[in-house]
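J.:
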Amino acid sequence: MERLEGRVTPNVCAFLQRQIRFGEMPTGPAPEPGESGFEHPRVKAYLDIFDTDATLWEAGSKARRGRDEIGPSIINSLGLVKDLRYRGTDVVAEGSTVVFGQWNEATVKGHKIAFPQIARNVLGDDGKSLQARRYYDRHVLLRDTLPDAPSGLFEGIADSGPAPAKTPASRGRADAELPRRLAAWNSEDIDTLLARTGNMRLSGPGLDAPLSTAAAKKSYLQRFFDKANVELKAGQVAVGKTTTYVEWHGTVTRPQGEPVPFGIMERFGPGGEWELYFDTLPLLADQKTIDDLFAKLARS
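Under UniProt numbering, the first residue of the sequence shown carries the number 1, and numbering increases by one thereafter.
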């Protein structure tokens, strides 16, 4: 891990050991679909992260509960990206909550991909995850592998003009601002969302480089809200010595679409970083189109 902040209790330590073990473990032969796949060593290592009655929410799906629902999910994932590996980046533990930043690397149909992910977990006394949520952009799996994948939501957004001076990260408790910030996300109040961040650099899905100028950051959020009607509620907050994670989860609705599960994780870092983690696919296509794209990816 690059950075670990917070109180590392025995249950947090046990969780981190399991999480890192799975991330470093080679898959070997891909697990077979069905019950036999549960005996695959890497599937066992993944399931060992979770309590037997845990819930897991990932981008593009409803929450899965327990071994019988979480197991097939990781079996399918390892079939698609057999060589998936990750390393821990910025990890914050606060109470029973652990927010695990990670950098994923994999090969998808011959294309090397790499992308960030945030794994938020609420732990039991034994260090098993009772409730887990994953924040990452699935578009990265499709954009270079399928010719008919939708174009990226934020293509063309970049800084123009000189960057302002860097702003030190806020040292205040982020949870004191939660009601106002939650209202800003739900009401599409870009000015309020930008007010706390000052001159912090914005990183998010679809960007080739962080945004420093106010105009570019405003364009990014405006593009998001043009495609997304979000109904969010506050999730977990983890505050470390230098890094703060703030979670929002609920639903997103595209124009003329149906609400689908959705979430955003914000990270405020020590070097003036403001990072957003969310899935852009629900903003680009309906669920049937997304399902068809992943079915095509699995067959190709």
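For every residue, glycine included, the Cβ atom is placed at its ideal position computed from N, Cα and C.
1) Which one of Lys-217, Thr-243, Thr-251 has the shortest CA to CA distance from Ala-228?
2) Starting from Lys-112, follow its DSSP beta bridges and name the residues at the other end.
3) Return yes when at least one heavy atom of the ligand ADP lies under 7 Å from the C-beta of Glu-69, else no.
4) Report the start-end ranges of each beta strand (DSSP E) in the segment 24-79 that is 3 residues or longer and not cut off at the edges.
5) Considering only DSSP beta bridges, list what Leu-232 is partnered with.
6) Please say whether Leu-130 and Val-12 have beta carbons closer to each other than 8 Å?
7) Does DSSP classify Asp-90 as helix, strand or coil?
8) Helix, strand or coil: how does DSSP classify Pro-147 here?
9) When the Cα atoms are used, what is the spatial distance from Ala-106 to Asp-83?
10) Should the segment 18-36 be regarded as contacting the segment 60-67, the criterion being three or more beta carbon pairs within less than 8 Å?
11) For Pro-147 versus Leu-284, is the C-beta spacing smaller than 8 Å?
12) By the DSSP assignment, the beta strand (DSSP E) with Arg-134 in it spans what residues?
13) Taking 6 Å as the limit between beta carbons, can you name the residues of its chain near Leu-56, skipping five residues before and five after?
14) Report the partner residues of Asn-121 according to the DSSP bridge assignment.
15) Could you tell me the distance, in whole angstroms, from the CA atom of Ile-190 to the CA atom of Lys-62?
16) Using the Cβ count rule (16 or more neighbours within 10 Å means buried), how would you classify Ser-187?
17) Within 10 Å of its beta-carbon, does Ala-119 have 16 or more other beta-carbons around it, so buried, or fewer, so exposed?
18) Counting C-beta neighbours from all protein chains within 10 Å, is the total for Gln-19 16 or more, i.e. buried, or is it exposed?
19) Relative to the C-alpha of Glu-231, which candidate in Ala-215, Met-200, Arg-181 has its C-alpha closest?
20) Between which two residues does the beta strand (DSSP E) harbouring Leu-202 extend?
21) Would you kindly work out how many angstroms separate the C-alpha atoms of Ala-238 and Phe-294, rounded to a whole number?
22) Please return the same chain residues whose Cβ sits closer than 8 Å to the Cβ of Gly-23, not counting the five positions on each side in sequence.
23) Does DSSP put Val-260 in a helix, a strand or coil?
24) What are the partner residues of Ala-214, as DSSP defines its beta bridges?
25) For Ala-93, does the count of other Cβ atoms within 10 angstroms reach 16, so buried, or fall short, so exposed?
26) Is the beta carbon of Tyr-245 closer than 8 Å to that of Val-99?
27) Which of the three DSSP states, helix, strand or coil, is assigned to Glu-177?
28) State the DSSP-derived secondary structure class of Val-12, mapped to helix, strand or coil.
29) Give me the residue from Glu-155, Ala-54, Arg-143 with the minimum Cα distance to Leu-207.
30) Measuring alpha carbon to alpha carbon, tell me which of Ile-74, Ala-59, Pro-26, Phe-50 ends up nearest Gly-37.
T.: Straight from the coordinates:
1) Of the candidates Lys-217, Thr-243, Thr-251, the one whose C-alpha sits nearest the C-alpha of Ala-228 is Thr-251.
2) For Lys-112, which the question treats as bridged, DSSP gives the partners Thr-107.
3) By its list of ligands, the structure shown contains no ligand whatsoever, and the ligand ADP lies outside what it can speak to.
4) Listed in chain order, the complete beta strand (DSSP E) runs (minimum 3 residues) inside the segment 24-79 are 50-57.
5) Answer by DSSP bridge pairing, in chain order: Gly-250.
6) For the 8 Å CB-CB criterion, Val-12 and Leu-130 do not form a contact.
7) DSSP places Asp-90 in strand when its eight states are reduced to three.
8) DSSP places Pro-147 in coil when its eight states are reduced to three.
9) Distance between the alpha carbons of Ala-106 and Asp-83: 6 Å.
10) Three or more Cβ pairs closer than 8 Å define a contact, and the segment 18-36 falls short of that threshold against the segment 60-67.
11) Between Pro-147 and Leu-284, the gap from beta carbon to beta carbon reaches 8 Å or more.
12) Counting along the chain, the beta strand (DSSP E) containing Arg-134 begins and ends at 129-135.
13) Arg-64, Ile-70, Ala-132.
14) Looking at the DSSP assignment, Asn-121 forms a beta bridge with Val-98, Ala-132.
15) Roughly 28 Å between the two C-alpha positions.
16) When all chains shown are included, Ser-187 counts as exposed.
17) Around the beta carbon of Ala-119, a 10 Å sphere encloses 16 or more other beta carbons of the protein chains shown; the residue is thus reported as buried.
18) Looking at its Cβ environment, which holds 16 or more other Cβ atoms inside 10 Å, Gln-19 is buried.
19) When only C-alpha atoms are compared, the closest one is Arg-181.
20) Per DSSP, Leu-202 belongs to the beta strand (DSSP E) from 201-203.
21) Each residue's CA atom was taken as its position, placing Ala-238 and Phe-294 some 33 Å apart.
22) In chain order, Arg-85, Tyr-86, Arg-87, Gly-88, Gln-102 place their CB closer than 8 Å to the CB of Gly-23, counting only its own chain and leaving out the 5 sequence neighbours on each side.
23) For Val-260, the three-state secondary structure derived from DSSP is strand.
24) Its beta-bridge partners do not exist; DSSP assigns none.
25) With 16 or more other Cβ atoms within 10 Å, it is buried.
26) In this structure, Tyr-245 lies closer than 8 Å to Val-99 by Cβ.
27) It is helical.
28) DSSP places Val-12 in helix when its eight states are reduced to three.
29) The option with the nearest alpha carbon to Leu-207 is Glu-155.
30) Checking every option, the nearest Cα to that of Gly-37 belongs to Ile-74.
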